[in-house]
Amino acid sequence: MRISLNWLKELVDINMTPEELADLLTMAGFEVEDIEDRRTWADGVVVGKVLKCEPHPNADKLRVCQVDIGADAPSNIVCGAPNVKADLYVPVATLGTYLPKVDLKIKPAKLRGVPSEGMICSLAELGLAKESAGIHSFTGDALQPGSDARPLLGLDDVILDLTSTANRADALSMVGIAREIAALTGVPLKLPQPTQFSIPPGKGSLSLKISEAKACPTYIGTVIEQVTIAPSPLWLQQRLQALGIRPINNVVDATNYILLEWGQPLHAFDRDRLVAVSQKKGTLQIGVRFAEAGETLKTLDGQERSLTDQALLITAHNHPVALAGVMGGEETEVFDGTRNLMLEAAYFDAAAIRRSARSQGLRTEASARYERGVNQAELELACRRALELITELAGGAIAAQAVADAGNQTSFTRSIELRLDRVNQVLGPVLVGEEIGELQPPEVERILIALGCSVSPTASERVWTVSVPPYRYRDLEREIDLIEEIARVYGYNNFCDTLPDKTEPGYLTIEQSLTRKLREVLRAVGLTEVTHYSLGKPEGDRQIVLSNPLFTEYSALRTDLMSGLIDAFQYNLEQGNGPLNAFEIGRVFWSEEDGLTEAEAVGGILGGDPTRGKWRQAGREQPITWFDAKGMLESVFTRLGITVEYQPDRRDSRLHPGRTASLWVRGTRLGTFGQLHPQLRQERGLPDEVYVFELDMDVLLDEMDQGDSLVPLYKPYSTYPPSDRDIAFFVSTQVSVAELERLITKTGRGLLESVELFDEYRGENVPEGQRSLAFRLVYRADDRTLTDEDIEPVHQKVREALVEKFRVDLRS
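Numbering (the working numbering), first residue to last: 1 to 812.
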């Protein structure tokens, strides 16, 4: 909300600078985001009178003006505006003036050989308009050349742009902020007191039919006849413009003025148009109801809106004429030919207006206030203030008024018991003068009275019954709310800093440390961490489905991380960002016979050509292979100090049946690693080979915690040379390399340092159903150089074990 300092001074006596006021409001919970000092926009601009205006001797479009700016002699100013002429009173930027909105400093100059001592300004140059066709001229009497032009331009003001808390609807008005400042500073309020209007008897030209009393507890309709629509006076236009509202005409501007002053939205209808659209003669019937299927309404923004049953309507003889509390209808708006008005002042339910505005995707200044809850108790006062202003600006006479009130006036007050002991227990020690102490009864009573509350002591001196003012009825509901207000007004900077007697340095748990290391290792192999919503589409039998989701696309909890990673990979490709090699750590959920279960998991996806600069491949893509992807995952396990076994797996239909493995550590299933199924890859438009993995986080962390992953131990290298032996054989394709490596490692334990597969061949001279494999075995000892006599017995034992268990046909 934008707050005018000049307007504020009319409501409350303040002598603070804008910066001091901004600090006061910010510390009280109303954050001031910007201070717009409009006085600087025209500092040095004065009123000038054009005495003479003659053509420029060297330019057709320029004029040479003699301008009286209150100095000893007139100023010679060259002006190019087409509307400049003698006897005009104009704003003149004198020499040395800086105009910040156009970043221009006025200096003596010569234009086409004629000296110029200043500049006659347009509204655009003063920051009051985006574009101007010519210079601005002042109208009115008692204009004095040389006087400050800022009051005439509305540039003698400072605007504070502040944000109020969500439950403070009263703060969305000048009166609300004035009350807040009065409570904080103790200065008196000077609120406007509108006059009472007497409605002529016997006038029954208006009736109300409120079908939805819960959505509209109170409605006041007033008929004003014989008004004259015209532009608003300059002071009103300038005040609205300063607060961000475009002036329209005297009637609409008056309703907008009350919106800003009291926070009460109003709407003025053209009464004759209401009668015309209703096609009924006699008494005009205004109604409030929800829309029916198929109804439409063209609103003031020119849009034809299809209404839903959540839209709350204002009707004329059941014909929709406005979205209640949101926006009026175009066919009943006030225009230049309007002669008779129907002014609406109503209280609408916050929830009803929120649903109505959301159903149309529309949010206005009016709906923003109704959604937070306007002050129902002062509705009639705001209505009288609007009638006073309209009749003053547009003339006319009040012809009829109808009121529908389903509310109870006693509901606007609330009594809350407040205990001083509870106040001090919650707030703790405070600064009292220069000493530390507790809040005392007189100070608490002073703050509550300043906030507009009525305070009545009970039998105990330390307990009060506090009556909440009507304008704070919606947000002061409990004792803790009053304690919060006391803290806010007393000043948060007056509270003492208290620390625990004993403090300990922070530390990471084992789980946090292991998880951090896991993230570091995954990033080290080139994976980017991503995060997805835990909610997705219902796609499986074991999914947990929400009973009341916001959207169908987010109605079930995910059972794995793989689906989200595949979607992210596809989206990244479609956006032209290339393959996404990523990982995610998050929770997964599923249902079982004995209830609902959740667990932590880590998943990843790899695919496409991860290299950049493909000149070595002549620009061709070189997708990642199974061995590349498996090698990246293996490097992760190696860095984590985990030994993982791979076994064939076909349980996931999304993965390639011949290129999927389940991962195991110490006999416990760790997770799954595999290539996406070609059919799924084709449906999604993904590269030839994309690999995914998903691991059980609990199993992974438990295994990491077993070793020395957090505190690695030094292990010396052997200073003695290695000795390698190759072994080649035919073996059934049903036997995996992992099984062979496991047997070789177990048999050669002691001297065998490493086993590496370096050749595989299938084809000519290889028996059907078999393949040729060649392994290199490296032997090394820590205390000596190995000889053939040391190695041969072990190597022969390996050969025999392979023949015995897997029936291999040795070739070397």
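C-beta atoms are modelled at their ideal positions from N, C-alpha and C, and glycine is treated no differently.
Short Cβ contact (8 Å threshold) for Val-92 with Gly-118: For Val-92 and Gly-118, yes; Cβs fall inside 8 Å.
Continuous beta strand (DSSP E) stretch holding Lys-630: start and end: No beta strand (DSSP E) holds Lys-630; the alpha helix (DSSP H) holding it covers 626-640.
Cβ contact check for the region 171-186 and the region 43-51: 3 or more pairs under 8 Å: Touching, no.
The beta strand (DSSP E) enclosing Gly-595, as first and last residue numbers: Looking at the DSSP string, the run of the beta strand (DSSP E) that includes Gly-595 is 595-607.
Selection from Leu-418, Asn-577, Leu-527, Glu-504 that minimises the alpha carbon distance to Glu-484: Minimum Cα distance to Glu-484 is reached at Leu-418.
Cβ contact check for the region 126-146 and the region 332-346: 3 or more pairs under 8 Å: The way I'd put it, the region 126-146 doesn't touch the region 332-346; fewer than three beta-carbon pairs between them come closer than 8 Å.
Nearest-angstrom beta carbon gap, Arg-385 and Pro-192 [assumed within contact, 8 Å]: The distance from the Cβ of Pro-192 to that of Arg-385 is about 6 Å, consistent with a contact at the 8 Å cut-off.
Simplified DSSP state of Arg-681, which is helix, strand or coil: Looking at Arg-681 - three-state DSSP - the assignment turns out to be helix.
Where the beta strand (DSSP E) containing Val-45 begins and where it ends: It spans 45-56 - the beta strand (DSSP E) in which Val-45 sits, taken as one unbroken run.
Segment contact, 8 Å Cβ cut-off, at least three pairs: the region 516-523 with the region 633-649: Verdict: yes, contact present.
Gly-202 to Val-275 span [Cα, whole Å]: A caution first: Gly-202 carries a pLDDT of 48, below 50, which makes its placement in the model too unreliable to give a value.
Simplified DSSP assignment, three categories, for Leu-476: Three-state DSSP puts Leu-476 in coil, outside helix and strand.
Reduced DSSP secondary structure (H/G/I, E/B, other) of Pro-320: Reduced to three states, the DSSP call for Pro-320 is strand.
Secondary structure of Gly-658, DSSP reduced to three states: In this structure, Gly-658 counts as strand in the three-state DSSP scheme.
For Gly-287, the three-state DSSP class (helix, strand or coil): In the three-state reduction of the DSSP assignment, Gly-287 falls in the strand class.
Whole-angstrom distance between Ala-352 and Leu-297, CA atom to CA atom: Each residue's Cα considered, the two are about 18 Å apart.
Outcome for Ile-436 when other beta-carbon atoms lying within 10 angstroms are tallied against a minimum of 16: By the 10 Å Cβ count, Ile-436 comes out exposed.
Short Cβ contact (8 Å threshold) for Glu-694 with Gly-658: Here Glu-694 is not near Gly-658, since their CB atoms are 8 Å or more apart.
Assigned secondary structure, Leu-312 (DSSP; H/G/I helix, E/B strand, else coil): Three-state DSSP puts Leu-312 in a strand.
Exposure of Asn-548, with buried meaning 16 or more beta-carbon neighbours within 10 Å: Residue burial is scored here from C-beta neighbours: Asn-548 has fewer than 16 other C-beta atoms within 10 angstroms and is therefore classed as exposed.
Which of helix, strand or coil DSSP assigns to Arg-725: Secondary structure of Arg-725 (DSSP, three-state): strand.
Spatial neighbours of Val-798 in its chain, beta-carbon cut-off 6 Å, leaving aside the 5 residues before and after: Counting only Cβ-Cβ distances below 6 Å, and skipping sequence neighbours, we find Ile-744, Thr-747, Gly-748.
Proximal residues to Pro-82 (C-beta, below 7 Å), its chain only, five neighbours per side dropped: So the list reads Gly-134, once near-sequence residues are dropped.
CB contact below 8 Å: Val-735 versus chain B: Among the protein chains of the structure shown there is no chain B, as only one such chain exists.
Own chain, CB closer than 6 Å to Thr-503, minus 5 neighbours either side, in chain order: Apart from sequence neighbours up to five positions away, no residue of its chain approaches Thr-503 with a beta-carbon distance below 6 Å.
Classification of Phe-551 by the beta-carbon crowding that lies within 10 angstroms, buried from 16 upward: Phe-551 counts as exposed, since fewer than 16 other beta carbons sit within 10 angstroms of its beta carbon.
Cutoff 6 Å; reference Gln-237; Cβ partners in own chain excluding five residues on either side: Residues of the same chain with a CB within less than 6 Å of the CB of Gln-237, apart from the 5 flanking positions on each side, are Pro-247 in chain order.
Val-692 vs Gly-674 beta-carbon contact at 8 Å: It is a contact, given that the beta carbons lie within the stated cut-off.
Pairwise C-alpha distance: Ile-416 and Asn-340: Rounded to the nearest angstrom, the two C-alpha atoms are 47 Å apart.
Alpha-carbon to alpha-carbon, Ala-728 and Arg-780: C-alpha separation (whole angstroms): 21 Å.
Spatial neighbours of Ala-86 in its chain, beta-carbon cut-off 7 Å, leaving aside the 5 residues before and after: Cβ within range, chain order: Val-50, Leu-51, Lys-52, Cys-53.
Contact under 8 Å by Cβ, Ala-242 with Gly-337: Not a contact, by the Cβ cut-off of 8 Å.
Inter-residue CB distance, Ala-311 and Gln-360 (contact presumed, cutoff 8 Å): Contact between Ala-311 and Gln-360 holds: their C-beta atoms lie close to 6 Å from each other, under 8 Å.
Strand pairing of Ser-772, partner residues [DSSP]: Answer by DSSP bridge pairing, in chain order: Phe-730, Tyr-761.
The ligand GTP heavy atom lying under 7 Å from the CB of Val-545: The ligand GTP is not among the ligands present in this structure, which contains no ligands whatsoever.
Simplified DSSP assignment, three categories, for Asn-572: Collapsing the DSSP output to three states places Asn-572 in a helix.
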